[in-house]
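To start, the structure under review is shown below, and the notes come after it.
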Amino acid sequence: MTHEIPREQNGDQDLKTAIKEKTEMQITTIVDLAREIGGEGAHIDDVFPLPPETRDHAPIPEWNEDQVNRVREVARSFGYGAVEDVPSGLRGGVRIAEGGKVWKILAEAELIDKDGDPTDLVFAGSPHRQLGDDELDFLKTQYSEDFPPGTTEYQAAAWVAKLKSDGAIAEQPADLSIGYEIAEGNPVVRKAMGQVIEVGQTSRGQRVVLLKIDRENYQEEDGKPKYRHQPDTARVMGILSEALSTQGRHEDPVGFVTSNTYASRQVAITRAGLQNGRQFGVAMYGRETLIGLNASVPAETPLNHLPGDLRVMYENLQKLLAEVSQ
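Each residue of the sequence shown is one higher than the one before, starting from 3 at the first, in our numbering.
Next comes the structure, spelled out in structure tokens:
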């Protein structure tokens, strides 16, 4: 799903006008749906409440079959629960696989090199999150890979990146001498940080790169572990945009490859594109891709997730509208 800088338009004001019109239409769609479900006087707070911290704990809405079908129809129009992959609409440039659970990384890998023929494939992963037993069992059962306990998401991303490097695997991975500070705003630095590393090439000549998602771990006064200064989705896109600019690649688009579970990230990507003046887009893998990996896949997006999903989309669209209306 594309959120790009329209090259046929001139100036920031034209860009903002185009995004504003689309955003207003999307907000109206959600508001109208809330009234359709809850009645003419219904407020969005009542029909689509904010999700709890754990999405699975959200209550199941008391909607009839027609209402459920209608809500799913609108949710799918935003990308939630799509059966098939949703392309970014971009051509060339860089694609970054978000990372996450190991089957999510593998699903992103299925889509990443096919989405608009990119020149660079970036696999992101956290060195702080350890794979769960379910992920280790999946790798052993489906890939005959016996990873030890303590294997991190970043190590899993490196393994997938190696699988994707079917053209050549670098004998010595090359640090690309670009990175970011683990500090407020994650400023980009032009030196070897061990965060952006080229590991190989595909058989089509696409460069395969690893991106480490770093953070600062600390403890609060009560001893509770916390972390900070981890770049979010928008900042990761910004870091890649700045890295491309240092190489003179000012026109190359950047696409984010993720699950349709978090379709609201499309809005964050739009905001990041505005801030960086570059074509940004989102590609989302569908349920069919997960099924092809023999991963556990629900038949549909859980019904109790939909109210919160649409509310988060609504809130993010409101923020975007405020930004483009200034």
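Think of the CB as a built atom: it goes at the ideal place given N, C-alpha and C, for glycine as much as any other residue.
Everything numeric in this text was worked out from a predicted model, so none of it was measured.
Once DSSP output is grouped into helix, strand and coil, what is the label at glutamate 173?
strand
Should lysine 193 go down as buried or exposed, given a rule of 16 or more other Cβ atoms within 10 Å for buried?
The Cβ neighbour count for lysine 193, taken over all protein chains shown within 10 Å, is under 16; the residue is labelled exposed.
Quick check on the DSSP output: the beta strand (DSSP E) that includes proline 309 runs from which residue to which?
Note, proline 309: premise wrong, no beta strand (DSSP E); alpha helix (DSSP H) at 308-326.
Using a Cβ-Cβ cutoff of less than 8 angstroms, which residues in the same chain neighbour asparagine 318 once the five nearest sequence positions on both sides are dropped?
Ser266, Val269 and Ala270
Hey, out of Asp117, Lys106 and Val85, whose CA is closest to glycine 95's CA?
Asp117
DSSP state of methionine 195, grouped into three classes?
Here methionine 195 carries a coil assignment [DSSP, helix/strand/coil].
Considering Cα atoms alone, identify which of Val85, Glu26 and Ala285 is closest to valine 299.
Val85
So alanine 99 is in the beta strand (DSSP E); what residue range does that whole segment cover?
96-99
What are the residues that DSSP puts in a beta bridge with glycine 257?
Arg97 and Gly283
Residues in its own chain within less than 7 angstroms of serine 243 by CB, not counting five upstream and five downstream?
Cβ neighbours of serine 243 within its own chain (closer than 7 angstroms, five residues either side excluded): Val256, Asn278 and Arg280.
I'd like the list of long-range same chain contacts for serine 179, defined as Cβ closer than 7 angstroms, with 5 residues on each side in sequence excluded.
Only Arg192, Lys193 and Ala194 meet the Cβ criterion.
Which residues mark the beginning and the end of the alpha helix (DSSP H) in which tyrosine 145 is found?
135-145
Output the distance between the C-alpha atoms of aspartate 16 and proline 61, rounded to the nearest integer angstrom.
42 angstroms
Suppose the cutoff is 7 angstroms on Cβ atoms and the five residues either side in sequence are ignored; what does the same chain contact list for serine 167 look like?
Excluding sequence neighbours, serine 167 sits near Val201, Gly202, Gln203, Thr204 and Val210.
Who are alanine 265's beta bridge partners in DSSP?
The partner list for alanine 265 (beta bridge, DSSP) is empty, contrary to what the question assumes.
Buried or exposed: which applies to glycine 134, given that a residue is buried once 16 or more other Cβ atoms fall within 10 Å of its Cβ?
exposed
Taking DSSP as the reference, what is the three-state secondary structure of arginine 251?
coil
Using a Cβ-Cβ cutoff of less than 7 angstroms, which residues in the same chain neighbour alanine 172 once the five nearest sequence positions on both sides are dropped?
Glu200, Val201 and Gly202
Can you look up lysine 22 in the DSSP assignment and give me helix, strand or coil?
Residue state, collapsed to three classes: helix.
Classify glutamate 200 as helix, strand or coil using the three-state DSSP reduction.
strand
Who pairs with phenylalanine 154 in a beta bridge, going by DSSP?
Just to set this straight, residue 154 is threonine in the shown sequence, not phenylalanine. DSSP, once it has assigned bridges, lists Gln132 as partnering threonine 154.
Excluding sequence positions up to five away, which residues of its chain have a Cβ less than 7 angstroms from the Cβ of glycine 207?
Gly169
Which class does histidine 5 belong to by DSSP, given the choice of helix, strand or coil?
Reliability of the predicted coordinates at histidine 5 is poor, the pLDDT of 47 falling under 50, and no value is obtained from them.
Looking only at its own chain, which residues have a Cβ that is under 8 angstroms from the Cβ of glutamate 6, when we skip the five neighbours before and after it?
Any reading at glutamate 6 must be qualified, since the residue scores a pLDDT of 46, below 50, and its modelled position is unreliable; no value is offered.
Buried or exposed: which applies to glutamine 249, given that a residue is buried once 16 or more other Cβ atoms fall within 10 Å of its Cβ?
exposed
Going by other Cβ atoms of all chains shown within 10 Å of its Cβ, with 16 needed for buried, is threonine 272 buried or exposed?
buried
In whole angstroms, give me the CA-to-CA distance for leucine 212 and asparagine 219.
21 angstroms
Between which two residues does the alpha helix (DSSP H) containing lysine 106 stretch?
104-114
Residue range of the alpha helix (DSSP H) that valine 210 falls in?
Per DSSP, valine 210 belongs to no alpha helix (DSSP H); it is in the beta strand (DSSP E), 209-214.
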